[in-house]
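According to my numbering, the sequence shown is numbered sequentially starting from 484. Please read the structure below before turning to the comments.
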Amino acid sequence: MAKLLSGSSRATTATWIFNFESSASLLLALGSLLAAWHARQILPANSLYRFWESCLLPVQLPVFYFGYGYLYQRQWRVTSLRSWWGSVRYELANLLTPFAFITVLTLAVRSWLHTGAGLTPEHLAVALFVDPVIPVGFFLVALVFYLLIPNFTSKRAAAVGVGVSLLLKIAVVIAARSPEGQGLLGSLPYVVANGCDNALWFCGGMALALEECQGQISQHMRGARLPRAVKITGPLALWLGLALGCWWLYGQERMNLGCLEAVLVGAGLGAGTLLYRELFGMQGRQWRFFSLVDGYTKGIWLLHPLCLELWFFWAQEAHLGTVGIVAGSLAAAYLVPVAINVMLDHLGRLGFLINPNRYLSKPR
Numbered sequence: 484m485a486k487l488l489s490g491s492s493r494a495t496t497a498t499w500i501f502n503f504e505s506s507a508s509l510l511l512a513l514g515s516l517l518a519a520w521h522a523r524q525i526l527p528a529n530s531l532y533r534f535w536e537s538c539l540l541p542v543q544l545p546v547f548y549f550g551y552g553y554l555y556q557r558q559w560r561v562t563s564l565r566s567w568w569g570s571v572r573y574e575l576a577n578l579l580t581p582f583a584f585i586t587v588l589t590l591a592v593r594s595w596l597h598t599g600a601g602l603t604p605e606h607l608a609v610a611l612f613v614d615p616v617i618p619v620g621f622f623l624v625a626l627v628f629y630l631l632i633p634n635f636t637s638k639r640a641a642a643v644g645v646g647v648s649l650l651l652k653i654a655v656v657i658a659a660r661s662p663e664g665q666g667l668l669g670s671l672p673y674v675v676a677n678g679c680d681n682a683l684w685f686c687g688g689m690a691l692a693l694e695e696c697q698g699q700i701s702q703h704m705r706g707a708r709l710p711r712a713v714k715i716t717g718p719l720a721l722w723l724g725l726a727l728g729c730w731w732l733y734g735q736e737r738m739n740l741g742c743l744e745a746v747l748v749g750a751g752l753g754a755g756t757l758l759y760r761e762l763f764g765m766q767g768r769q770w771r772f773f774s775l776v777d778g779y780t781k782g783i784w785l786l787h788p789l790c791l792e793l794w795f796f797w798a799q800e801a802h803l804g805t806v807g808i809v810a811g812s813l814a815a816a817y818l819v820p821v822a823i824n825v826m827l828d829h830l831g832r833l834g835f836l837i838n839p840n841r842y843l844s845k846p847r
């Protein structure tokens, strides 16, 4: 049987990986809010918004691929056909349950609101097998990774895995730069196109976990030198990312940020630096904030698009003002998904629909 290294689905003292995923979940919801406010002309399309949309938001979902790869390497030992089948059986239930639940729920709500493809056999088949609804397509791609990628057992295996996935990523980037390549990518099945695009993050997470398990970087992750290293590299990495993003967005024109935008960018970089330090500098300790949020990461991630869709439909019908729309959308993006998650957890075993890993018995 496949061996899960502990009875807990969160069998690692590296709390930073869960904080990392929680941060991405919160930022994904924020991105949905900003896009919705922009579409309703509540938020102007200024340079700060364009930078967020084009440079920062696209890196949030890869965080989940990275985290799932990291935990896969840390928690499982898949080195034979028998162990592979044990892990696959577990992940089929763990990944496909929220995938099916959110898919059916989304189509049912859209049928009720008359805002998109409804819950019909045709639309359900398309959403399940061809074009998944946002945001659950991730689970299909992750399942393919679990099916195809064994645990790395050596540095050489990790190098091969990361190298192949890097070549796939480069191929996708090159193809996306031409109309013909874009057409080719668009013709590929969802799982194939997104698998090639995101395998690098999954394998990168696995490679990092392998290095930790072999003790190659444990002294840096756990020792007193890490905070100093992070203090130095964190701000540099953030500023470099900002510079590259601004160059990519505004290379053909001058960059003119207003005073408020400049202050917001500076504040964001400062907060990002602090978060970077906390994410990568904590072992077994935890911020109270993340202790709370970590339990509802998947709820916020999976339920916020549907909650926002319902809220904006109702707000339009009620002719709410800007303040009411903004306040309600903040609640719909964060508070309502958490409330639904809590409610499901307390209604028998319905929490299984969002977080199956809390209920599944672990292979021995």
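By construction, the Cβ of each residue, glycine as well, lies at the ideal position given by its N, Cα and C atoms.
- For W794, the three-state secondary structure derived from DSSP is helix.
- Three or more Cβ pairs closer than 8 Å define a contact, and the region 589-599 falls short of that threshold against the region 645-664.
- Rounded to whole angstroms, W568 and W794 show a C-alpha spacing of 42 Å.
- Counted as a single uninterrupted DSSP element, the alpha helix (DSSP H) harbouring N681 occupies residues Y673 to C696.
- For D828, the uninterrupted alpha helix (DSSP H) segment begins and ends at V819 to D828.
- Apart from the 5 residues on each side of it in sequence, L510 sits with its Cβ closer than 6 Å to the Cβ of Q543 in its chain, given in chain order.
- Per DSSP, reduced to three states, the secondary structure at R593 is helical.
- Spatial neighbours of L786 in its own chain (CB-CB distance under 8 Å, excluding positions within 5 residues in sequence) are listed in chain order as I585, V819, P820, I823, N824 and I837.
- Looking at the DSSP output, W567 sits in no beta bridge, so it has no partner there.
- Look at R560 here: in three-state DSSP terms it is strand.
- When DSSP states are grouped into helix, strand and coil, A659 belongs to the coil group.
- S506 is positioned such that its CB atom lies no closer than 8 Å to that of D777.
- Membership of F773 in the alpha helix (DSSP H) is indicated by the continuous run R771 to V776.
- Only buried fits W559, as 16 or more other CB atoms lie within 10 angstroms of its CB.
- Scanning L596, T598 and V587 for the CA closest to the CA of P604 turns up V587.
- Per the C-alpha coordinates, the member of A815, V809, W797 and L813 positioned closest to T598 is W797.
- Taking C-beta atoms as the reference points, L578 and A625 count as a pair closer than 8 Å.
- Under the three-state reduction of DSSP, A600 is assigned to coil, being neither helix nor strand.
- Each residue's CA atom was taken as its position, placing V571 and N840 some 13 Å apart.
- Judged by their CB atoms, N634 and V561 are nearer to each other than the 8 Å cut-off.
- When DSSP states are grouped into helix, strand and coil, T636 belongs to the coil group.
- A distance of 8 Å or more separates the beta carbons of M689 and Y817.
- T636 and P615 have their C-alpha atoms roughly 33 Å apart.
- For E504, the enclosing alpha helix (DSSP H) begins and ends at T498 to A522.
- Taking C-beta separations shorter than 7 Å and ignoring five residues to either side along the sequence, the partners of W784 in its chain run S508, L511 and P618, following chain order.
- For A625, the enclosing alpha helix (DSSP H) stretches over residues G620 to L631.
- Boundaries of the alpha helix (DSSP H) harbouring V806: T805 to L813, taken from the DSSP string.
- By the CB criterion at 8 Å, C679 and A654 fall inside the cutoff.
- Pairing L683 with L649 gives a Cβ-Cβ distance under 8 Å.
- Counting of Cβ neighbours within 10 angstroms places I500 among the buried residues, the total reaching 16 or more.
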